[in-house]
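Have a look at the structure below before the remarks.
Numbering (our numbering), first residue to last: -3 to 104.
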């Protein structure tokens, strides 16, 4: 899976491109996010000239979509760093998680 294919998949899965205005991600990084529950986001960060070693994906709680990249997450729930081709299998499942398995749980 190359960078262009990943970006096309993200667009098809309704991810929103986030402007990288903060200090939390490297300069020139592409950031995509999708809300999968109230203020819980699936976030993908790729370097501008992305190769396999520069892809990071995570699920985290933020104040809002607008705080991604500007503020630290309130809570980090899952983190994946794609470093080799074996990781791509998990990554492909990760970007489809909200379509296949919605988060349904009691908030007690």
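Don't be surprised by glycine CBs; every beta carbon is placed ideally from N, CA and C.
**Study point:** Sheet register partners of residue 27 (DSSP bridge)
**Key:** Locating residue 27 in the chain shown gives position 31, counting from the first residue. Residue 27 pairs with 14, 41.
Check your understanding: Buried or exposed: where does residue 74 fall if 16 or more other Cβ atoms within 10 Å of its Cβ makes it buried?
Key -> Translated into the one-based positions of the chain shown, residue 74 becomes position 78. For residue 74, the number of other beta carbons within 10 angstroms of its own is below 16, and it is reported as exposed.
Review point. Based on the DSSP output, what are the partners of residue 57 in its beta bridges?
Key: Position 61 of the chain shown, counting from 1, holds the residue named residue 57. BP columns for residue 57 point to 36, 71.
Check your understanding: Quick one, which of 19, 86, 24 has its alpha-carbon nearest residue 69's?
Key -> Numbered from its first residue, the chain shown carries residue 69 at position 73. It is 19 whose Cα lies nearest to the Cα of residue 69.
Review point. Is the beta carbon of residue 53 sitting closer than 7 Å to the one on residue 61?
Key: Your numbering for residue 53 matches position 57 in the chain shown. Your numbering for residue 61 matches position 65 in the chain shown. No, they are not a contact pair.
Point to revise | Status (buried if at least 16 other CB within 10 Å, exposed otherwise) for residue 24 | key: Position 28 of the chain shown, counted from the first residue, corresponds to residue 24. That one is exposed.
Check your understanding: Are there 16 or more other CB atoms within 10 angstroms of the CB of residue 28, so buried, or fewer, so exposed?
Key -> Within the chain shown, the letter at position 32 stands for residue 28. Looking at its Cβ environment, which holds 16 or more other Cβ atoms inside 10 Å, residue 28 is buried.
Check your understanding: Is residue 26 buried or exposed, if buried means 16 or more other CB atoms sit within 10 Å of its CB?
Key -> Numbered from 1 along the chain shown, position 30 holds the residue referred to as residue 26. Buried: at least 16 other Cβ atoms inside 10 Å.
Practice item. Evaluate residue 96 with the Cβ neighbour count: other Cβ atoms within 10 Å of its Cβ, from every protein chain shown; 16 or more gives buried, anything less gives exposed. Key: By 1-based counting over the chain shown, the position of residue 96 is 100. Low local confidence applies: a pLDDT of 48 at residue 96 is under 50, so the model's placement there is unreliable, with the coordinate-based value given in what follows. The residue is exposed, with fewer than 16 neighbouring Cβ atoms inside 10 Å.
Check your understanding: Does DSSP classify residue 52 as helix, strand or coil?
Key -> For this step, residue 52 is matched to residue 56 along the chain shown. It is a strand residue.
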